[in-house]
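All you need for this note's numbering is the position in the sequence shown, starting with 1, plus 25. Even glycine gets a Cβ: it sits at the ideal position worked out from N, Cα and C. One structure is given here, and the rest of the page talks about it.
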Amino acid sequence: MSKQAIGIDIGGTGIKGALVDAEKGVLLSDRERIDTPDGGEPDDILNTVVQIFERFDQLDANAPVGVCFPAIIRDGCTMSASNISKKWIGLEAEKLFEARLGRPIHFINDADAAGVGEVQFGAAKGKNGLTILTTLGTGIGSAMIYDGVLIPNSELGHLELDGKQAEKRASASVKEDEDLSWEDWAKRLQKYYEYLESLFSPDLFLIGGGVSKNAGDFLPLLELQTEILPAMLRNNAGIIGAAYLATLGPN
Ligand code: BGC
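Listed below in structure tokens is the structure:
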């Protein structure tokens, strides 16, 4: 197993990458970030990913590459598009990235990659039972992990909450757009996590996404039966998880 890998995390707002020590689960380089191009069109996202990749390719031209993406991924195809262009739906995205990067990649949903990162190196390591990681960002992503094994493409951000998709009520971008206080946002999160509890009876909730660095502002406001913790790898969980998976080989 190669120790170094490049992880690239494509989000609705930013595209981030780094060179990762995939044995230790830590970044070996600075994180490179470029805004996701407006509209999230396939060509524009591909071009941005190439730009980020080239920077790290110079550091290690043999490093395996993992790419995570904010959509349902089946057999290398992107099958949904909530916060990116609808043109992604049904695209053979993995092949497109491989053609542009000139390398095989491991391709996976962004929240699933974060879940894998947390299982290997973070707060879900060695946890039995059901861990649900949710990433609170532009949308809400989810990873369901049972006894350390990922159940992919769970898409729990699209459950209905107050008559809308949960991610349109409780994501971090909604907090920002509606200028919600931590208290008001926490009320929505309370409902959302209670709902998840009633459906899945999890053993642990993990909170990822950029806002996880502010966990102290909102997690103490939640009253749940389930333990709820910030992702240990914070917003790098996706990069690290994708890089780790890349060392196991392309999909
Ligand atoms: C997408 C998910 C993704 C999440 C976080 C949602 O809108 O449907 O696939 O994991 O956003 O990016």
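Length of the line joining the Cα atoms of residue i and residue j
i    : j    : result
Q145 : P62  : 31 angstroms
G19  : G140 : Nothing about residue 19 can be read from this structure; the chain reaches only from 26 to 276.
N276 : A262 : 19 angstroms
G37  : S107 : 9 angstroms
A211 : N87  : 44 angstroms
I33  : L205 : 30 angstroms
D46  : S179 : 28 angstroms
Burial state of residue i (16 or more Cβ within 10 Å)
i    : result
D137 : buried
V51  : exposed
G274 : exposed
G233 : buried
K200 : buried
V41  : Position check: residue 41 holds Lys in this sequence, whereas Val was assumed. With 16 or more other Cβ atoms within 10 Å, it is buried.
Beta-carbon gap between residue i and residue j smaller than 8 angstroms
i    : j    : result
I109 : P95  : yes
L255 : T156 : Before going on, a small fix: residue 255 reads as Pro here, not Leu. No, the Cβ-Cβ distance between P255 and T156 is not below 8 angstroms.
F78  : I35  : no
A168 : L158 : yes
W207 : L249 : no
Q29  : D85  : yes
E66  : K112 : yes
I253 : Y218 : yes
The ligand BGC heavy atom lying under 7 angstroms from the CB of residue i
i    : result
G101 : no
N239 : no
P95  : yes
N108 : yes
H131 : no
N261 : no
G282 : Because residue 282 is not part of the residues shown, which for the chain are 26 to 276, the question remains open.
I165 : yes
G39  : no
A136 : yes
S198 : no
E192 : yes
Spatial neighbours of residue i in its chain, beta-carbon cut-off 6 angstroms, leaving aside the 5 residues before and after
i    : result
F122 : V92, I130
T251 : E222, P227, F230
M104 : I97
L116 : T103
R213 : R194, A195
S237 : P255, A256, R259
E192 : G164, I165, G182
A268 : A30, G32, V45, A47, G91
Cutoff 7 angstroms; reference residue i; Cβ partners in own chain excluding five residues on either side
i    : result
G235 : G162, A197, N260
Chain-order list of residues whose beta-carbon lies under 8 angstroms from that of residue i (same chain, five-residue window excluded)
i    : result
K150 : E143, V144
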